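Residue numbers (my numbering): 6 to 158.
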């Protein structure tokens with residue numbers, strides 16, 4: 006597995022002045038201002054996230070919305086799975102990432118089993134960059150859905 010975090014680097018403006026302290030120039034369009042890191046996956050690699058505490062909680066029959074900001078210079082296919090030690094908790098989803106700049110991609114999972122120890126894995130067929138990877142239950146308090154907000158300024 007190849008995992009690299011790449012922080013933004015402070016750069017000099019075209020007129021020769023540096024950015025003020027604490028402000029950085031980002032390398033291309035980014036999904037959120039202020040986020041300074043993203044994950045770079047090499048071809049054929051993956052990253053797994055266990056969520057909080059013992060793992061990601063899923064309830065059989067409930068829907069979960071997956072969201073990721075991604076970019077791939079040559080395009081890529083992301084395979085997203087949710088599983089625990091006992092096996093698959095939801096059918097895997099494949100997401101085609103278009104070549105070029107940052108874009109948001111989404112998929113929906115329906116849990117096939119109940120577990121409190123789920124793990125989310127994102128595998129990439131080609132080199133890709135990922136940011137703001139999220140798996141969120143569809144049924145939430147007051148139906149809040151942070152991924153439906155308009156693109157950040």
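C-beta atoms are modelled at their ideal positions from N, C-alpha and C, and glycine is treated no differently.
All of these numbers come straight from a predicted model, not from anything done at the bench.
If you ignore the 5 residues before and after residue 96, its C-beta comes within less than 8 angstroms of the C-beta of 114, 115, 117, all in its own chain and listed in chain order.
In this structure, the straight-line span from the alpha carbon of residue 128 to that of residue 146 is close to 31 angstroms. Annotated as distal: residue 126 and residue 45, with beta-carbon spacing of 8 angstroms or more. In terms of CA proximity to residue 54, 86 leads the group 92, 86, 143. Going by beta carbons, residue 47 and residue 76 fall outside the 8 angstroms limit. Just so you know, the alpha carbons of residue 68 and residue 88 end up roughly 15 angstroms apart.
Nearest C-alpha to residue 101 among 82, 73, 72, 111: 82.
For residue 70, the enclosing beta strand (DSSP E) stretches over residues 68 to 77.
Linking residue 137 to residue 109 through their CA atoms gives a straight-line distance of about 9 angstroms. In this structure, the straight-line span from the alpha carbon of residue 42 to that of residue 135 is close to 10 angstroms. The beta carbon of residue 64 sits closer than 7 angstroms to the beta carbons of 116, 119 from its chain, once the five residues preceding and following it are set aside; these are given in chain order. Assignment of residue 146 by DSSP, reduced to helix, strand and coil, places it in the helix class. In this structure, the straight-line span from the alpha carbon of residue 61 to that of residue 78 is close to 31 angstroms. Residue pairing for residue 138: DSSP places it in no beta bridge.
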